[in-house]
Amino acid sequence: MYSGYYYAPAPMQVNWAFQRSDDAVVQMIQQSIQGERNDEVFYDFLIKLAPTLQEQEVITGIRNDERKHRQMFRTLYTQLTGRAPSVAEEPAELLPDSYIPGLEQALLGELKAFEKYRKIYLHINPQYRDWIFEIMTDEIKHASYYNWLYAKNK
């Protein structure tokens, strides 16, 4: 007799509107390289505004993760295309007038980055998903830190 404890997941529904070509994934990775560079420059500025050594150290750790992500995306790009990425060094985005607005901007930026990386994760070759997963979890961790810094200073 069959027990009622068997679990059979429903088949995954594929939304073809969200399927991405390899070219689109490569383009999102190239944009991510620039985005991580912009974050690095922005966080360098935010470190200077941080009122305590502890806050400076937290933001420095986040900035260092952004550098790591940029290198990971560069490596992914090279592995997927066979060539080095060509990313222009653009000036930093609008810098905040003060620390609190900077924390808000950083928090929202980390959450937006997570959303973009989730799209990459869903459409990249599965052999690269662990890399993207590591970056995604770092972005959520960063958002948590920025939320803590914001609450602490508000």
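Residue numbers (the numbering used here): 13 to 166. Built from N, CA and C at the ideal position, the CB exists for glycine as well.
Inset, instruction - Give me the Cα-Cα distance between D142 and G114, rounded to the nearest whole angstrom. - result: It is roughly 30 Å from the alpha-carbon of D142 to the alpha-carbon of G114.
Inset, instruction - Can you tell me which of D34, K164, A155 and Q68 puts its alpha carbon nearest to the alpha carbon of T93? - result: Selected option, being the one with the closest Cα: D34.
Inset, instruction - Could you give the DSSP three-state label for E151: helix, strand or coil? - result: Of the three classes helix, strand and coil, the one that applies to E151 here is helix, per DSSP.
Inset, instruction - Check whether the Cβ of Q68 lies closer than 8 Å to any Cβ atom in chain D. - result: Among the chains in the structure shown there is no chain D, since it carries only a single protein chain.
Legend entry - Residue nearest to P108 in terms of C-alpha spacing, selected from L88, L61, A125 and K131: Of all alpha-carbon atoms in L88, L61, A125 and K131, the one lying nearest the alpha-carbon of P108 is that of L61.
Inset, instruction - Could you check which residue in T64, D56 and H81 has the C-alpha nearest to that of A125? - result: Ranked by Cα distance from A125, the first of T64, D56 and H81 is H81.
Inset, instruction - Between the Cα of Q117 and those of P97, D51 and E69, spot the shortest distance and give me the residue it belongs to. - result: If we check each option's Cα against that of Q117, D51 comes out closest.
Inset, instruction - Give every residue of the same chain whose Cβ lies closer than 8 Å to the Cβ of A100, excluding the five residues on either side of it in the sequence, and list them in chain order. - result: The beta carbon of A100 sits closer than 8 Å to those of Q46, all from its chain and outside the five residues before and after it, given in chain order.
Inset, instruction - Tell me whether the beta-carbon of M84 lies closer than 8 Å to the beta-carbon of I147. - result: I147 is positioned such that its CB atom lies closer than 8 Å to that of M84.
Legend entry - Neighbourhood of D77 by C-beta, 6 Å cutoff - its chain only, sequence neighbours within 5 removed: A distance below 6 Å between beta-carbons, with the five flanking residues on each side excluded, links D77 to the following residues of its chain, in chain order: D150.
Inset, instruction - Let me know the secondary structure DSSP gives K80 once reduced to three states. - result: Residue state, collapsed to three classes: helix.
Inset, instruction - Take Y89 as the anchor and find which of S44, S156 and L161 has the nearest alpha-carbon. - result: The residue from S44, S156 and L161 with its alpha-carbon nearest to that of Y89 is S44.
Legend entry - Own chain residues within Cβ distance below 7 Å of L123, not counting five before or after: Closer than 7 Å at the Cβ level, and outside the excluded window around L123, lie A155.
Legend entry - 8 Å contact criterion, which L119 and Y55 should meet: CB distance rounded: So it is not a contact: roughly 12 Å between Cβ atoms.
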